[in-house]
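Asks:
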Amino acid sequence: MDSSTAVRGSGPAPDTGEPFRAWICPVDCFVYEERDGVPELGIEPGTRWQDLPCDWSCPMCGEHRAGFEPVAALER
Numbered sequence: 001m002d003s004s005t006a007v008r009g010s011g012p013a014p015d016t017g018e019p020f021r022a023w024i025c026p027v028d029c030f031v032y033e034e035r036d037g038v039p040e041l042g043i044e045p046g047t048r049w050q051d052l053p054c055d056w057s058c059p060m061c062g063e064h065r066a067g068f069e070p071v072a073a074l075e076r
């Protein structure tokens with residue numbers, strides 16, 4: 001599976017009460033927001049960073065998720 005393709009069958013994690021986080025790609029500044037997911041790629045809103053596939057990468061430039069940096073806790 002290409003790392004930028006849909007996360008099939010995983011869905012969002014159960015609500016833990018923890019605030020959603022955002023992660024930014026240092027190459028092109030794409031922001032992954034757990035609250036919003038990336039529905040156009042099949043990643044449902046509420047999908048936590050740790051629930052993305054280990055080989056997931058930036059859909060814009062291909063930067064591996066290990067290079068992303070946390071940027072903020074978001075309001076629920």
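Residues in the sequence shown are numbered from 1 upward in steps of one, following the UniProt record's numbering.
Just so you know, even glycine gets a beta-carbon here, dropped at the ideal spot from N, CA and C.
What is the DSSP secondary structure of Arg21, reduced to helix, strand or coil?
Replies: Arg21 falls in the strand class under three-state DSSP.
Asks: My output table needs one value for Pro39: the three-state DSSP class, helix, strand or coil.
Replies: Helix at Pro39.
Asks: Can the beta-carbon of Val31 be found closer than 8 Å to that of Cys58?
Replies: No, they are not a contact pair.
Asks: What's the call for Leu52, buried or exposed, on a 16-neighbour Cβ count within 10 Å?
Replies: Under this definition Leu52 is a buried residue.
Asks: Straight-line CA distance for Ala72 to Asp55?
Replies: Going from the Cα of Ala72 to the Cα of Asp55 covers about 23 Å.
Asks: So, for Phe68: in the same chain, excluding its five sequence neighbours on each side, which residues have a beta-carbon less than 6 Å away from its beta-carbon?
Replies: Hits under 6 Å: Trp23 and Cys25.
Asks: Based on the DSSP secondary-structure assignment, which residues constitute the bridge partners of Pro70?
Replies: DSSP output for Pro70 lists Trp23 as bridge partner(s).
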